[in-house]
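Which chain is which? The protein sequence lines are E and D, in order. With the working numbering, the residue at position 6 of the first sequence is 6, and numbering never jumps. With the working numbering, the residue at position 43 of the second sequence is 43, and numbering never jumps. Worksheet: the structure to be examined is printed underneath.
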Amino acid sequence: MMKKETKRKFYFIFLLVCAVSVVLEILFAHPHGDALWHRLPGADLIIAFVSGFAFLLLKTKVIGPLLQRDEDYYDREEKKDE
Amino acid sequence: MSDIMLHPGLILILAAVLAAFLPDFPRRILMVFAPFSAIVLMLLLPQNTIVILPFLNGLVLTPVFVDRLSYVFGMIFSIMSLIGSIYSLHNRGIIGKIEAAASLSYAGSSLGVTLAGDWISLIFFWELMAVSSLFLVWANRSKKAERAGFRYLLMHMLGGNCLLIGIIFKVSDGSTAISNITAVQDAAFWLIFIGVAVNAAIPPLSGWLTDAYPEANVTGSVFLSSFTTKTAVYCMIRMFAGMEMLVWLGVAMALYGAMFAIMENDVRRLLSYHIVSQVGFMVAGVGIGTPLSLNGATAHAFSHILYKSLLFMSTGAVIAATGVNKINQLGGLAKKMPFTCIAFTVGAFSISGVPLFNGFISKSITITAAYEAGYEIAELLLLAASVGTFLCVVMKLLYFIFFGEDKNLAVKPVPFNMKAAMGIGSALCILYGIFPNLLYRYLPFTMEYHPFTWDHVLQYVQLLSMAVIPFILYGDRMKPLSKISLDTDWFYRKPFATIIRNLSSLCVTVQLGLGGFFRGIYNGMRKAAMNPLALLGTDRTEIMPGAEAEFREAENEFLASGETDAATSIQSIERYNPDEAREPAGEIMTVVIFTLIVLIALIALKPV
Numbered sequence: 001m002m003k004k005e006t007k008r009k010f011y012f013i014f015l016l017v018c019a020v021s022v023v024l025e026i027l028f029a030h031p032h033g034d035a036l037w038h039r040l041p042g043a044d045l046i047i048a049f050v051s052g053f054a055f056l057l058l059k060t061k062v063i064g065p066l067l068q069r070d071e072d073y074y075d076r077e078e079k080k081d082e
Numbered sequence: 001m002s003d004i005m006l007h008p009g010l011i012l013i014l015a016a017v018l019a020a021f022l023p024d025f026p027r028r029i030l031m032v033f034a035p036f037s038a039i040v041l042m043l044l045l046p047q048n049t050i051v052i053l054p055f056l057n058g059l060v061l062t063p064v065f066v067d068r069l070s071y072v073f074g075m076i077f078s079i080m081s082l083i084g085s086i087y088s089l090h091n092r093g094i095i096g097k098i099e100a101a102a103s104l105s106y107a108g109s110s111l112g113v114t115l116a117g118d119w120i121s122l123i124f125f126w127e128l129m130a131v132s133s134l135f136l137v138w139a140n141r142s143k144k145a146e147r148a149g150f151r152y153l154l155m156h157m158l159g160g161n162c163l164l165i166g167i168i169f170k171v172s173d174g175s176t177a178i179s180n181i182t183a184v185q186d187a188a189f190w191l192i193f194i195g196v197a198v199n200a201a202i203p204p205l206s207g208w209l210t211d212a213y214p215e216a217n218v219t220g221s222v223f224l225s226s227f228t229t230k231t232a233v234y235c236m237i238r239m240f241a242g243m244e245m246l247v248w249l250g251v252a253m254a255l256y257g258a259m260f261a262i263m264e265n266d267v268r269r270l271l272s273y274h275i276v277s278q279v280g281f282m283v284a285g286v287g288i289g290t291p292l293s294l295n296g297a298t299a300h301a302f303s304h305i306l307y308k309s310l311l312f313m314s315t316g317a318v319i320a321a322t323g324v325n326k327i328n329q330l331g332g333l334a335k336k337m338p339f340t341c342i343a344f345t346v347g348a349f350s351i352s353g354v355p356l357f358n359g360f361i362s363k364s365i366t367i368t369a370a371y372e373a374g375y376e377i378a379e380l381l382l383l384a385a386s387v388g389t390f391l392c393v394v395m396k397l398l399y400f401i402f403f404g405e406d407k408n409l410a411v412k413p414v415p416f417n418m419k420a421a422m423g424i425g426s427a428l429c430i431l432y433g434i435f436p437n438l439l440y441r442y443l444p445f446t447m448e449y450h451p452f453t454w455d456h457v458l459q460y461v462q463l464l465s466m467a468v469i470p471f472i473l474y475g476d477r478m479k480p481l482s483k484i485s486l487d488t489d490w491f492y493r494k495p496f497a498t499i500i501r502n503l504s505s506l507c508v509t510v511q512l513g514l515g516g517f518f519r520g521i522y523n524g525m526r527k528a529a530m531n532p533l534a535l536l537g538t539d540r541t542e543i544m545p546g547a548e549a550e551f552r553e554a555e556n557e558f559l560a561s562g563e564t565d566a567a568t569s570i571q572s573i574e575r576y577n578p579d580e581a582r583e584p585a586g587e588i589m590t591v592v593i594f595t596l597i598v599l600i601a602l603i604a605l606k607p608v
């Protein structure tokens with residue numbers, strides 16, 4: 001999909017943004033709630049990674065194989081009716 | 001009466017009637033002028049305007065009822081009718097006329113639903129909205145659109161009829177004004193709920209949306225994406241605010257839409273799944289029921305109409321320019337279609353909630369309201385759904401269509417009006433994203449909310465930048481496949497369709513079988529009535545007196561005379577047909593025998 005070099009650049013840029021955001025959060029942000037994920041700096045990074053990973057895992061391993069069909073799946077029956 | 005003529009929705013509906021007959025040039029002027037008039041009229045409608053009309057049986061209709069809630073929705077619907085009309089100005093000929101009429105009528109009836117203050121006005125505009133939108137689907141005259149449109153019609157008939165029956169119950173109880181009905185959960189409540197839930201595309205009643213919207217023309221899809229679900233959200237805020245079940249239905253919608261969108265390969269179907277997902281945020285906001293969450297739902301509906309229509313417009317431009325609507329057949333279009341790419345990026349950043357775009361200022365209200373109302377799990381799940389949205393729209397659509405492998409597609413130029421509409425949409429997405437108070441000051445409830453705090457901004461920066469990492473890690477698995485995903489419409493497209501098909505074959509078989517059986521009985525009885533001995537067979541009757549015997553004699557003589565072309569010559573002789581000769585008596589006897597059987601049966605079955 002992507003070249004290795006491009007991937008490396010992407011990793012660098014986005015991980016840098018993540019790191020800077022955590023530093024800024026520690027320095028300036030006032031949490032809006034008492035829940036763990038509001039108080040813990042960088043908790044949103046964990047939420048994002050876990051949910052992003054979960055979506056991809058569900059797509060490739062669970063829901064995809066269960067519910068995906070060929071593109072003419074409905075057309076075959078509907079053509080018969082005609 | 002003069003007040004009602006200033007109804008912005010009626011102006012659009014009247015324009016729709018005219019648009020169906022006008023030639024291209026005056027129709028185009030009308031398509032800009034009518035929505036513009038609707039915006040001006042909407043702006044001029046003062047708060048708390050109420051217009052009443054006497055109706056049948058002493059009932060009074062309230063076709064115009066303006067409060068802060070209906071004002072916000074009315075404004076965005078009229079703005080959207082203008083943007084959508086500009087986008088479709090290049091349509092020509094009969095399809096141009098049909099689409100213009102359907103889209104103006106659709107926008108007008110949505111405004112009608114928004115401004116309706118009583119149940120009867122609501123159902124009138126509700127049904128008009130369903131019919132107008134159906135013609136937008138059918139305007140793409142393909143076989144697929146025809147079938148999808150028919151399924152769309154059936155689902156909306158189901159929803160519309162449930163709503164109608166619920167409304168009849170309500171009105172017969174004496175309550176004509178639309179109000180929050182969650183206090184008493186009776187039959188009327190549930191029927192109205194199902195009616196509204198069909199339009200809000202709450203699963204499992206959501207199959208119609210992702211089935212029909214991608215089958216319309218690209219210009220029709222822009223309108224379709226904007227009105228039906230958002231009028232349903234408006235009705236939910238009016239009728240079902242604070243219904244706890246909606247919180248979890250909304251969260252389920254948000255996740256379900258994002259999950260199915262990740263698997264989708266059709267560009268517009270993917271975006272349709274995101275309508276379900278984003279409406280999930282609004283439905284959850286309605287369910288939470290606090291002033292902050294209801295403002296969140298309203299603001300998100302406002303923002304959603306702008307960025308979703310922008311996404312449909314830019315992907316529509318891609319489809320119109322390339323003729324391709326599958327993601328895995330598109331790629332590398334950023335250089336060939338830079339304007340469309342920028343417009344799409346603005347829409348994609350908005351839907352994902354990137355700060356300084358309008359999705360951020362509205363989505364974050366609902367998520368904050370969920371936490372403040374004590375729905376902590378709902379807050380987490382809505383955040384997860386935001387990550388799913390970013391993965392699909394930014395990483396999947398934006399990357400694969402505009403930056404992925406170049407598929408060397410020939411690209412036709414995009415008409416200027418399409419670019420103008422995309423430009424207006426993009427400008428509004430950024431404008432409301434930078435200056436949220438332009439929207440906040442019109443929201444229905446008073447609230448204290450500041451989107452640009454360190455906490456809110458960093459939350460989204462972290463969510464969205466970290467969401468890129470799984471995409472880079474497992475990007476190959478995100479590649480769209482040439483597949484479709486089975487959704488709830490599978491139930492009525494496969495097993496239900498098979499049941500109906502088999503039932504109709506069974507009915508036809510039974511009809512033919514029974515028909516044959518009774519015809520046999522009838523013929524037998526008729527013959528028996530004419531001459532019971534005929535049932536024994538013709539070869540046993542040796543004596544044929546009268547005319548029949550004479551005919552047979554003549555026939556034998558003729559055959560004996562040795563004519564070569566005997567067969568044709570015999571046909572030329574007028575044949576003696578015993579059935580014809582005895583018909584009258586036979587019919588009468590049949591009736592007599594049937595009557596006797598019925599009489600005997602009646603006597604035998606008579607209770608003692």
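In this text, a Cβ means the ideal position worked out from N, Cα and C, and glycines have one as well.
Answer yes or no: does any C-beta atom of chain E fall closer than 9 Å to that of residue i?
{"i": "Arg540 of chain D", "result": "Residue placement at Arg540 of chain D cannot be trusted, given a pLDDT of 49 that sits under 50; what the coordinates show is reported in the next sentence. Not one chain E Cβ lies under 9 Å of Arg540 of chain D."}
{"i": "Tyr152 of chain D", "result": "no"}
{"i": "Leu14 of chain D", "result": "no"}
{"i": "Met478 of chain D", "result": "yes"}
{"i": "Val508 of chain D", "result": "no"}
{"i": "Tyr371 of chain D", "result": "yes"}
{"i": "Glu376 of chain D", "result": "yes"}
{"i": "Ala529 of chain D", "result": "no"}
{"i": "His274 of chain D", "result": "no"}
{"i": "His456 of chain D", "result": "yes"}
{"i": "Met1 of chain D", "result": "With a pLDDT of only 49 at Met1 of chain D, under the threshold of 50, the placement of this residue in the model should not be trusted; the figure read from the coordinates follows. Not an interface residue."}
{"i": "Asn265 of chain D", "result": "yes"}
{"i": "Leu380 of chain D", "result": "yes"}
{"i": "Thr368 of chain D", "result": "yes"}
{"i": "Leu463 of chain D", "result": "yes"}
Apart from the five residues on each side of it in sequence, which residues of its chain come closer than 7 Å, Cβ to Cβ, to residue i?
{"i": "Lys483 of chain D", "result": "Asn265"}
For residue i, which of the options has the nearest alpha-carbon?
{"i": "Ala100 of chain D", "options": "D:Ser88, D:Thr345, D:Ser309 and D:Thr453", "result": "D:Ser88"}
{"i": "Val185 of chain D", "options": "D:Glu244, D:Leu380 and D:Met31", "result": "Per the sequence shown, the amino acid found at residue 185 of chain D is Gln instead of Val. Closest option to Gln185 of chain D, Cα to Cα, is D:Glu244."}
{"i": "Phe10 of chain E", "options": "D:Met395, D:Thr498, D:Val411 and D:Ala528", "result": "D:Met395"}
{"i": "Ser277 of chain D", "options": "D:Met525, D:Phe517, D:Cys392 and D:Ala528", "result": "D:Cys392"}
{"i": "Pro203 of chain D", "options": "D:Ala370, D:Phe260, D:Thr62 and D:Ser426", "result": "D:Phe260"}
{"i": "Lys407 of chain D", "options": "D:Tyr371, D:Asn417, D:Pro415 and D:Leu333", "result": "D:Leu333"}
{"i": "Phe125 of chain D", "options": "D:Ala177, D:Thr231, D:Leu205 and D:Val324", "result": "D:Thr231"}
{"i": "Val137 of chain D", "options": "D:Trp119, D:Leu128 and D:Ala102", "result": "D:Ala102"}
{"i": "Gly195 of chain D", "options": "D:Cys162, D:Leu356 and D:Phe65", "result": "D:Cys162"}
{"i": "Ile365 of chain D", "options": "D:Arg526, D:Phe445, D:Arg68 and D:Ile319", "result": "D:Phe445"}
{"i": "Phe471 of chain D", "options": "D:Gly425, D:Asn295, D:Leu398 and D:Val247", "result": "D:Leu398"}
{"i": "Val113 of chain D", "options": "D:Gly289, D:Ala427, D:Ser78 and D:Phe55", "result": "D:Ser78"}
Could you pull out every residue in the same chain whose Cβ sits closer than 8 Å to the Cβ of residue i, ignoring the five residues on either side in sequence?
{"i": "Val354 of chain D", "result": "Phe360, Tyr460 and Leu464"}
{"i": "Pro480 of chain D", "result": "Glu264, Asn265, Lys326, Ile327, Asn328, Lys396 and Phe400"}
{"i": "Ile98 of chain D", "result": "Ala20, Phe135 and Ala139"}
I want to see whether chain D comes within less than 9 Å of residue i, judged by CB atoms only; does it?
{"i": "Arg39 of chain E", "result": "no"}
{"i": "Lys59 of chain E", "result": "yes"}
{"i": "Phe10 of chain E", "result": "yes"}
So which residues on chain D does residue i lean against when the C-beta distance must stay under 8 Å?
{"i": "Lys7 of chain E", "result": "Ile472"}
Residue i touches chain E at which residues, Cβ-Cβ below 9 Å?
{"i": "Arg269 of chain D", "result": "Neighbours of Arg269 of chain D on chain E: none; closest Cβ ~11 Å, over 9 Å."}
{"i": "Ile597 of chain D", "result": "Correct list: empty, because the minimum Cβ distance to chain E is about 43 Å."}
Would you mind telling me which residues of chain D sit closer than 7 Å to residue i, beta carbon to beta carbon, in chain order?
{"i": "Arg69 of chain E", "result": "Lys483, Ile484 and Leu486"}
{"i": "Pro31 of chain E", "result": "Asp455"}
What does residue i reach in chain E if we use C-beta pairs closer than 7 Å?
{"i": "Ala216 of chain D", "result": "Residues of chain E passing the Cβ test: none, with the nearest at roughly 18 Å."}
How far does the alpha helix (DSSP H) with residue i in it extend, from its first residue to its last?
{"i": "Phe403 of chain D", "result": "Counting along the chain, Phe403 of chain D falls outside any alpha helix (DSSP H), and DSSP gives it neither H nor E."}
{"i": "Leu439 of chain D", "result": "Asn437 to Tyr440"}
{"i": "Ser505 of chain D", "result": "Pro495 to Met530"}
{"i": "Pro35 of chain D", "result": "Asp24 to Leu44"}
{"i": "Ile123 of chain D", "result": "Trp119 to Trp138"}
{"i": "Ile167 of chain D", "result": "Lys143 to Ser172"}
Closer than 6 Å by C-beta to residue i: which residues in its own chain qualify, once you throw out the five before and the five after it? Chain order, please.
{"i": "Ile165 of chain D", "result": "Leu191"}
{"i": "Lys144 of chain D", "result": "Glu215"}
Using 9 Å as the limit for Cβ to Cβ distance, is residue i near chain C?
{"i": "Gly475 of chain D", "result": "This model lacks chain C altogether; the protein chains it does include are E and D."}
Considering residue i, what are the terminal residues of the beta strand (DSSP E) in which it resides?
{"i": "Phe65 of chain D", "result": "Val60 to Phe65"}
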